[in-house]
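Structure, as structure tokens:
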Amino acid sequence: IIDYHKTDKGRKTLHTVFGLGKAIICANYLTATAFKELSNIKEASKLPHTLEAYSTMLQEICERQYQEQTLLYRIKTMRDYRELKEGLAAKVLSSALKATAQICSAPPSHVEAAEAYGKNMGIALQLAADYRRALIEPVERVENLEGNALVVLLREEVGDIHIRSPQHLTKLIEEHKLVEKLYKIAEHHLQEARKAAKKLGENKYTQLLAQLASLKPQHISELYRKIPDLKLSP
2 IIDYHKTDKG RKTLHTVFGL GKAIICANYL TATAFKELSN IKEASKLPHT
52 LEAYSTMLQE ICERQYQEQT LLYRIKTMRD YRELKEGLAA KVLSSALKAT
102 AQICSAPPSH VEAAEAYGKN MGIALQLAAD YRRALIEPVE RVENLEGNAL
152 VVLLREEVGD IHIRSPQHLT KLIEEHKLVE KLYKIAEHHL QEARKAAKKL
202 GENKYTQLLA QLASLKPQHI SELYRKIPDL KLSP
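In structure tokens form, the structure reads like this:
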């Protein structure tokens, strides 16, 4: 839902049809509903703590959602890209994991590690999504790739080049070996996620997080596809 591209596989995205404000409201409503289902807290004493953690999480996410509207088309360098994605795409995951750790009354060191894991894994997942969008599931119009990591890397390499078509972009990506550069960036964030996962202790949940972070950047498209397949209990 929170996808600012005008089309996705030829179909108009929700925010294009109903407006960005309504799309964000829908996304937040669905997030809230999912959180409610997952939490299902029976101990009344934990409820205020849960709501506080959740409220902070949503506030952080919403603030960044609105900021991306104006920042997306200003991404000129990978530094810009990282700053934006750390604030938005990664914020969703890092805030959620941080809130989960707080709700579970985890020690401060675990809360911090959960947030760090989410931030780095969030960026790795965004890189994976950009990889798939640019090379595996190419879009019809190059304009829909504005802010894509591979496009940003290309412009860092050759300047503000005119990209004629998705096919032209694919050729330029191959010529300048940009996938290898993308892998290197992804590997850095996966390493940081692995470090954070080790600080979370040993249980079935943290083992899954560590397993996800252990994937090689060469399997970055698998990383993105694997997420929906993970069966995580609350």
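All residue numbers for the sequence shown refer to my numbering, where the first residue is 2 and numbers rise by one.
Don't be surprised by glycine CBs; every beta carbon is placed ideally from N, CA and C.
Note that the structure is a prediction, hence the values are computed from the model and not measured.
Given a threshold of 16 other Cβ atoms within 10 Å of its Cβ, counted over all protein chains shown, does residue i qualify as buried or as exposed?
i: Lys178; result: exposed
i: Thr101; result: buried
i: Gln208; result: exposed
i: Lys13; result: exposed
i: His190; result: buried
i: Gly119; result: buried
i: Val143; result: buried
i: Val152; result: buried
Compute the distance between the beta-carbons of residue i and residue j, then report whether it is under 8 Å.
i: Pro218; j: Ala187; result: yes
i: Ala211; j: Leu170; result: no
i: Arg156; j: Ile124; result: no
i: Leu213; j: Lys182; result: no
i: Asn145; j: Thr8; result: yes
i: Val112; j: Gln103; result: yes
i: Ala97; j: Ala197; result: no
i: Ile76; j: Gly160; result: no
i: Ala150; j: Leu128; result: yes
i: Ala130; j: Leu201; result: no
i: Glu158; j: Gly11; result: no
How is residue i classed by DSSP in three states: helix, strand or coil?
i: Arg165; result: coil
i: Lys1; result: The structure shown does not extend to residue 1, since the chain spans only 2 to 235, so no value can be given for it.
i: Thr57; result: helix
i: Val18; result: helix
i: Ser215; result: coil
i: Thr171; result: helix
i: Lys77; result: coil
i: Asn204; result: coil
i: Glu157; result: helix
i: Pro235; result: Unreliable placement is indicated for Pro235, whose pLDDT of 35 sits below 50; no coordinate value is reported for it.
i: Pro229; result: The predicted position of Pro229 is uncertain, since its pLDDT is 49 and thus under 50; no value can be drawn from it.
i: Arg142; result: coil
i: Ser106; result: coil
i: Glu176; result: helix
i: Glu147; result: coil
i: His220; result: helix
For residue i, which beta-bridge partners are listed by DSSP?
i: Thr8; result: Lys13
In the DSSP assignment, find the unbroken alpha helix (DSSP H) run with residue i in it and report its ends.
i: Ser110; result: Pro109 to Tyr132
i: Leu183; result: Leu179 to Lys199
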